Amino acid sequence: MKRTSHGPSLAIAALALGSLSACGSADSSSAIAPSAPAPVGSTPNPSASTDSTSSNSSAGGSCPSGAASKTTSPVADAKAARDVLLTAVCTAPYDGQQSADLVITKQWQQVAPNLTPGLFSDSAATPTTIASSGGFLLDYGHTMDQYFAFAVTDGTACSGGVAVIPQAGAGKASDTKKPTQFASVDVPAGQSCTAQTVQNTYRPGSVHP
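Okay, structure coming up:
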């Protein structure tokens, strides 16, 4: 009986199958190639997604640049005075021991010695006073963020700022005593020039009604 040899045929078939598998693997890998990573520094601000009034506030986490070292009383330019005060808030030496609002008040005494800070968030600013929440207040909304807000006026315009101590986790307030997010806020015309208005403009619904 004549014996048939399949050796060469099987070898050729195996080579062909391997070639097809390689092509298929290359095609599939190119089809699901991951997109390029986002540029460094493009991480979105966590509070921006819930801030419906971003047009009224500066980018989250940012502090004013080029602000004067001091502001006078009475306030002649609300935005300029706000920048001085917010810069002091941003650069204050928070040590984790003293309450953050006390540290801020001490800094304001250095840059605005003739402007008197208020203690109640619903008290309106005047050209010789700073409307202030007086302390870091818990978000009345859905987070445990803590806000310190203030406002100043030149008699016409009203500008303010916000410092935020973000929540430590869902349903848990932070005890770090150090704000890490800051924003400038321009109060819309016709609204009261209070810390409460500034905070509610920055984060609608965060103020206790």
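Residue numbers for the sequence shown follow the working numbering, so the first one is 1 and each next one is one higher.
Here a beta-carbon is modelled for each residue, glycine too, at the ideal position from N, C-alpha and C.
On a predicted model such as this, the values are computed, not experimentally measured, just so you know.
Secondary structure of C90 (DSSP, three-state): helix. A residue is called buried when at least 16 other Cβ atoms come within 10 angstroms of its Cβ; A92 meets this threshold and is buried. Taking 8 angstroms as the cut-off, the Cβ atoms of P127 and D154 count as close. In this structure, the alpha-carbon of S69 lies about 18 angstroms from that of T129. By the neighbour-count criterion, in which 16 or more other beta carbons inside 10 Å mark a residue as buried, A170 falls on the exposed side. In the displayed model, Q97 falls within coil according to three-state DSSP, outside both helix and strand.
The three-state secondary structure of A151, taken from DSSP, is strand. Using a Cβ distance threshold of 8 angstroms, T71 and V111 count as a contacting pair. When the Cα atoms are used, P204 and D95 turn out to be separated by approximately 30 angstroms.
DSSP, reduced to helix, strand and coil, places T128 outside both helices and strands of the structure shown, so it counts as coil. Under the 10 Å beta carbon count, F120 is surrounded by fewer than 16 other beta carbons and is classified as exposed.
Where A183 is concerned, there is no enclosing alpha helix (DSSP H), although the beta strand (DSSP E) around it starts and stops at 181-186.
Q107 has no beta-bridge partner at all, per DSSP.
Rounded to the nearest whole angstrom, the CA to CA distance from M144 to Q199 is 14 angstroms. The Cβ neighbour count for T197, taken over all protein chains shown within 10 Å, is at least 16; the residue is labelled buried. Judged by DSSP secondary structure, V164 falls within the beta strand (DSSP E) whose first and last residues are 158-165.
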